[in-house]
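Adding 962 to a residue's 1-based position in the sequence shown gives its number in the working numbering. Glycine included, C-beta positions come from ideal geometry on N, C-alpha and C. Quick caveat, the model's predicted, so the values are computed rather than measured. Below you'll find the structure, written out as structure tokens, and then a few comments.
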Amino acid sequence: MTQLLDWSKTLVPQRHESGCVPTGYEWLIRYLKIQGVNLGTFQEDFDLGQNNGFDSVSAKIRSVYPAIKVRVESFPKGIDKVNRIKSLLEEQKPCLMSLALGNGLGWHIMPVVRIDETIQLIHHADAEGNCTWVFPVAEIVWRHDYLQGGHDISWIEPQ
963 MTQLLDWSKT LVPQRHESGC VPTGYEWLIR YLKIQGVNLG TFQEDFDLGQ NNGFDSVSAK
1023 IRSVYPAIKV RVESFPKGID KVNRIKSLLE EQKPCLMSLA LGNGLGWHIM PVVRIDETIQ
1083 LIHHADAEGN CTWVFPVAEI VWRHDYLQGG HDISWIEPQ
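Have a look at this one:
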């Protein structure tokens, strides 16, 4: 099993319905303890509403905080995405994963905290702690290959 160390100590509640992308990036920044970022209004500053996506939000983050090296990678096959996530977690590099929820249901962006034959994601956080979802790797691959969207991941390279 590959797991991020002390991931459960980082709690970032999503404050806006459309804001899973900026919430995810805030989680990465807090987990990595990146300094010099206004976290008090981060979700509001980087919530692009209907235009939220890895490419658009990461571009805005880079324009405001050029020292933060946000990476986005898209995959044609789900197994390639899973393998890349595993390699990042083996290096203790947290990442966000886009997960297709179903045809016509869109997708959700969540931090990946553990991978083995399953993948554990932080669905949301509240005062009680992190609420996680766990999916078999085979289901992640199937969702990637057969549902619309959810083909990319994102992470922040160390400074």
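What residue range does the alpha helix (DSSP H) around Pro984 cover? 982–993
Same chain only: Cβ atoms within 7 Å of Asp1017, ignoring 5 sequence neighbours per side: Val1034
How many Å lie between Ile1041 and Lys995 at the Cα? 30 Å
Figure out for me which residue from Thr1080, Val1026, Gln1110, Ala1087 has the closest Cα to the Cα of Leu1067. Gln1110
DSSP state of Val1026 mapped onto helix, strand, coil: helix
In three-state DSSP terms, what is Ile1149? Residue 1149 is absent from the structure shown; the chain starts at 963 and stops at 1121.
Do Pro1073 and Leu1058 have their C-beta atoms closer together than 8 Å? yes
Hey, how far is the Cα of Pro1038 from the Cα of Ser1116? 15 Å
Cβ shell of Val1019 (< 7 Å), same chain only, five flanking positions each side left out: Val983, Pro984, Tyr987, Phe1008, Leu1010
8 Å contact criterion, which Thr964 and Arg1076 should meet: CB distance rounded: 7 Å
What does Glu979 pair with, by DSSP beta-bridge criteria? According to DSSP, which records beta bridges pairwise, Glu979 is partnered with nothing at all.
Please tell me whether, using a cut-off of 7 Å, the distance from the CB of Val1075 to the nearest non-hydrogen atom of the ligand ADP is below it. Questions concerning the ligand ADP fall outside what the structure shown contains, since it holds no ligand whatsoever.
Buried or exposed by the 16-neighbour rule on C-beta atoms within 10 Å, applied to Gly998: exposed
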